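Positions in the sequence shown are counted from 1; adding 1 to them yields this note's numbering.
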Amino acid sequence: MIPSSKWSLHRFFAKHPVIRKYLPPTALYQESLLDAYLRQYDTVYIKPCSTHMGKGIMKVWKQEGGYALVKERGQTVFAPSLEALKERIGQSAGESKHIIQKGIPLSEVNGRPYDIRVMMMRNGAGKWQYAGMLAKVAGADSVITNVARGGGYVTTVRHALQQSRAVPPENVKKLIRELIDLSYQVCTHFNKYKHSSQIGIDWAVDKQGNLALIEVNFDFPSHGLFAKLSDKTYYRTIKRLRSQYLALRARRRRKKPASSR
Ligand SMILES: Nc1ncnc2c1ncn2[C@@H]1O[C@H](COP(=O)(O)OP(=O)(O)O)[C@@H](O)[C@H]1O
Ligand SMILES: [Mg+2]
Numbered sequence: 002m003i004p005s006s007k008w009s010l011h012r013f014f015a016k017h018p019v020i021r022k023y024l025p026p027t028a029l030y031q032e033s034l035l036d037a038y039l040r041q042y043d044t045v046y047i048k049p050c051s052t053h054m055g056k057g058i059m060k061v062w063k064q065e066g067g068y069a070l071v072k073e074r075g076q077t078v079f080a081p082s083l084e085a086l087k088e089r090i091g092q093s094a095g096e097s098k099h100i101i102q103k104g105i106p107l108s109e110v111n112g113r114p115y116d117i118r119v120m121m122m123r124n125g126a127g128k129w130q131y132a133g134m135l136a137k138v139a140g141a142d143s144v145i146t147n148v149a150r151g152g153g154y155v156t157t158v159r160h161a162l163q164q165s166r167a168v169p170p171e172n173v174k175k176l177i178r179e180l181i182d183l184s185y186q187v188c189t190h191f192n193k194y195k196h197s198s199q200i201g202i203d204w205a206v207d208k209q210g211n212l213a214l215i216e217v218n219f220d221f222p223s224h225g226l227f228a229k230l231s232d233k234t235y236y237r238t239i240k241r242l243r244s245q246y247l248a249l250r251a252r253r254r255r256k257k258p259a260s261s262r
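Here it is, written out as structure tokens:
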């Protein structure tokens, strides 16, 4: 799989007049940015550019007498000074590139943060189609909502939004429609970045009910996540759209002479 550099994807989506409004403030990580980010935002995320599934993700924040850092689901580490914090981050980050990003205060279900995965698939006509959505709830003490590495679980978006009270009950439907509409815009814009036939988009809902775009997973977004919901409708839709798209691709390939492939 081609590593989807988080930084190049961020810059790409920042060109879109609508989607850019949903991107958390982000920069390529440099030690010199840490102080400003920590002054401006309650929490700050530092994420490797080209790994996935929550690997290596750090959350840092200011604390009485210093700073705190958690990596993935690890122990909270205390750093008594900014210098000590930088060193700690440097040890974990090594030579690889990272981004620094405003931490979104994710809304919570029973005290655990969640984000929303919207699954978009190309259909049997080769067009983008919304296939389903779910909420990924973080595991205990996890700073990531990735279900496998973060130890979390999935539930329906309606349940998560209602439980968390991030939005008043009468606005849940509207927010779900907005998520679908924005996800179509993400896919249409992504066409200019790279060809993909299935995209899993991670949206955050903050405690005020605002949406933020966390990540665009292309190439191999998990279908299995949707099999974990007790209602298998989305899972079946995803599998059906996938096979219809693959059939279209096979037909197109048969039409092209071998020499032009
Ligand atoms: N800026 C942020 N604010 C709050 N939570 C975040 C932020 N960035 C990442 N996370 C949490 O970490 C998880 C993994 O981050 P993500 O950017 O999707 O990286 P990965 O490619 O490793 O999945 C997200 O699903 C979310 O739970
Ligand atoms: Mg992710």
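Even glycine gets a Cβ: it sits at the ideal position worked out from N, Cα and C. This one's a predicted model, so the numbers in the text were calculated from it and none came from an experiment.
**Message:** What does the alpha-carbon distance come out to for the pair residue 146 and residue 257?
**Reply:** As a first step, residue 146 is located in the sequence shown; it is residue number 145 there, counting from the start. As a first step, residue 257 is located in the sequence shown; it is residue number 256 there, counting from the start. Taking the straight line joining both Cα atoms gives about 43 Å.
**Asked** Does DSSP classify residue 17 as helix, strand or coil?
**Response** As a working mapping, residue 17 is identified with position 16 in the sequence shown. Assigned with DSSP and collapsed to three states, residue 17 falls in coil, not helix or strand.
**Asked** Can we count residue 202 as close to ligand 1, meaning its CB is less than 6 Å from some heavy atom?
**Response** Counted from its first residue, the sequence shown places residue 202 at position 201. No, since every heavy atom of ligand 1 falls outside the 6 Å radius drawn around the Cβ of residue 202.
**Asked** What do you reckon, is the C-beta of residue 55 under 6 Å from a heavy atom of ligand 1?
**Response** Here the question's residue 55 lines up with position 54 in the sequence shown. Yes, since a heavy atom of ligand 1 falls inside the 6 Å radius drawn around the Cβ of residue 55.
**Contact under 7 Å by Cβ, residue 104 with residue 44** = Counting from one through the sequence shown, the residue named residue 104 turns up at place 103. Counting from one through the sequence shown, the residue named residue 44 turns up at place 43. In this structure, residue 44 lies closer than 7 Å to residue 104 by Cβ.
**Message:** With a threshold of 6 Å (Cβ to nearest heavy atom), would residue 211 be considered close to ligand 1?
**Reply:** Counted from its first residue, the sequence shown places residue 211 at position 210. Checking the Cβ of residue 211 against ligand 1 gives no.
**Prompt:** Quick one: complete beta strand (DSSP E) runs, 3+ long, within the stretch 142 to 198?
**Reply:** Fully enclosed beta strand (DSSP E) runs of no fewer than 3 residues occupy 154 to 156 of the stretch 142 to 198, in order along the chain.
**Asked** Pick from 144, 52, 111 and 241: whose alpha carbon is nearest that of residue 61?
**Response** The residue labelled residue 61 in the question sits at position 60 within the sequence shown. The option with the nearest alpha carbon to residue 61 is 144.
**Residues near residue 67 in its chain [Cβ-Cβ closer than 7 Å; skip 5 each side]** = As a position in the sequence shown, residue 67 is number 66, starting the count at 1. Excluding sequence neighbours, residue 67 sits near 79, 80, 81 and 82.
**Request:** Compute the minimum distance between the beta carbon of residue 88 and the heavy atoms of ligand 2, and state whether it is under 6 Å.
**Result:** Counted from its first residue, the sequence shown places residue 88 at position 87. Within 6 Å of the C-beta of residue 88 there is not a single heavy atom belonging to ligand 2.
**Message:** Residues in the same chain with beta-carbon distance under 7 Å from residue 242, minus the five sequence neighbours each way, listed in chain order, please.
**Reply:** Residue 242 sits at position 241 when you count from the first residue of the sequence shown. Same-chain partners within the cutoff: 122, 124, 130 and 132.
**Request:** Report the three-state DSSP secondary structure of residue 92 (helix, strand or coil).
**Result:** Numbered from 1 along the sequence shown, position 91 holds the residue referred to as residue 92. Assignment of residue 92 by DSSP, reduced to helix, strand and coil, places it in the helix class.
**Message:** Taking 6 Å as the cut-off, is the beta-carbon of residue 41 closer than that to any non-hydrogen atom of ligand 1?
**Reply:** Counting from one through the sequence shown, the residue named residue 41 turns up at place 40. Checking the 6 Å criterion, the Cβ of residue 41 is out of range of every heavy atom belonging to ligand 1.
**Per-residue DSSP class, three states only, for residue 11** = Mapped onto the sequence shown, residue 11 falls at position 10. Residue state, collapsed to three classes: helix.
**Prompt:** Hey, how far is the Cα of residue 21 from the Cα of residue 190?
**Reply:** As a working note, residue 21 is residue 20 in the sequence shown. As a working note, residue 190 is residue 189 in the sequence shown. The straight-line gap from Cα to Cα measures roughly 12 Å.
**Message:** Using the three-state DSSP reduction, which class does residue 52 fall into: helix, strand or coil?
**Reply:** The count along the sequence shown starts at 1 and reaches residue 52 at position 51. Of the three classes helix, strand and coil, the one that applies to residue 52 here is coil, per DSSP.
**Prompt:** In the structure shown, what three-state DSSP assignment does residue 30 receive?
**Reply:** By one-based count along the sequence shown, residue 30 stands at place 29. Of the three classes helix, strand and coil, the one that applies to residue 30 here is coil, per DSSP.
**Prompt:** Looking at residue 6 and residue 50, is the spacing between their C-beta atoms short of 7 Å?
**Reply:** Stepping through the sequence shown from its first residue, residue 50 is reached at position 49. Stepping through the sequence shown from its first residue, residue 6 is reached at position 5. Their beta carbons are under 7 Å apart, which means residue 50 touches residue 6 by this criterion.
**Message:** Within 10 Å of its beta-carbon, does residue 75 have 16 or more other beta-carbons around it, so buried, or fewer, so exposed?
**Reply:** Indexing the sequence shown from 1 puts residue 75 at position 74. Label assigned to residue 75: exposed.
**Asked** Taking C-alpha atoms, which residue in 57, 240, 248 and 208 lies nearest to residue 106?
**Response** By 1-based counting over the sequence shown, the position of residue 106 is 105. Measuring from the Cα of residue 106, the nearest candidate turns out to be 208.
**Request:** Kindly list the residues whose CB is nearer than 6 Å to the CB of residue 224, restricted to its own chain and excluding five residues on each side of it in sequence; keep chain order.
**Result:** To locate residue 224, count along the sequence shown from 1; it is residue 223. So the list reads 239, once near-sequence residues are dropped.
**Asked** When the distance is taken between beta carbons, is residue 116 closer than 7 Å to residue 203?
**Response** Within the sequence shown, residue 203 is the residue found at index 202, counting from 1. Within the sequence shown, residue 116 is the residue found at index 115, counting from 1. For residue 203 and residue 116, yes; Cβs fall inside 7 Å.
**Request:** May I ask you to list the residues that DSSP assigns as paired with residue 140?
**Result:** Here the question's residue 140 lines up with position 139 in the sequence shown. The partner list for residue 140 (beta bridge, DSSP) is empty, contrary to what the question assumes.
**Prompt:** What do you get for residue 111, buried or exposed, if any count of 16 or more other CB atoms within 10 angstroms of its CB means buried?
**Reply:** For the purposes of this step, residue 111 is identified with residue 110 of the sequence shown, where counting begins at 1. So residue 111 counts as exposed.
**Asked** How far does the alpha helix (DSSP H) with residue 246 in it reach, from first residue to last?
**Response** Walking along the sequence shown from the start, residue 246 turns up at place 245. That run of the alpha helix (DSSP H) goes 234 to 256.
**Prompt:** Based on Cα-Cα distance, which residue from 178, 152, 136 and 153 lies nearest to residue 160?
**Reply:** Along the sequence shown, read from residue 1 onward, the residue named residue 160 stands at position 159. The candidate whose alpha carbon is nearest that of residue 160 is 136.
**Request:** Just the C-alpha distance for residue 29 and residue 172, rounded to the nearest angstrom, thanks.
**Result:** As a first step, residue 29 is located in the sequence shown; it is residue number 28 there, counting from the start. As a first step, residue 172 is located in the sequence shown; it is residue number 171 there, counting from the start. One C-alpha to the other measures close to 36 Å.
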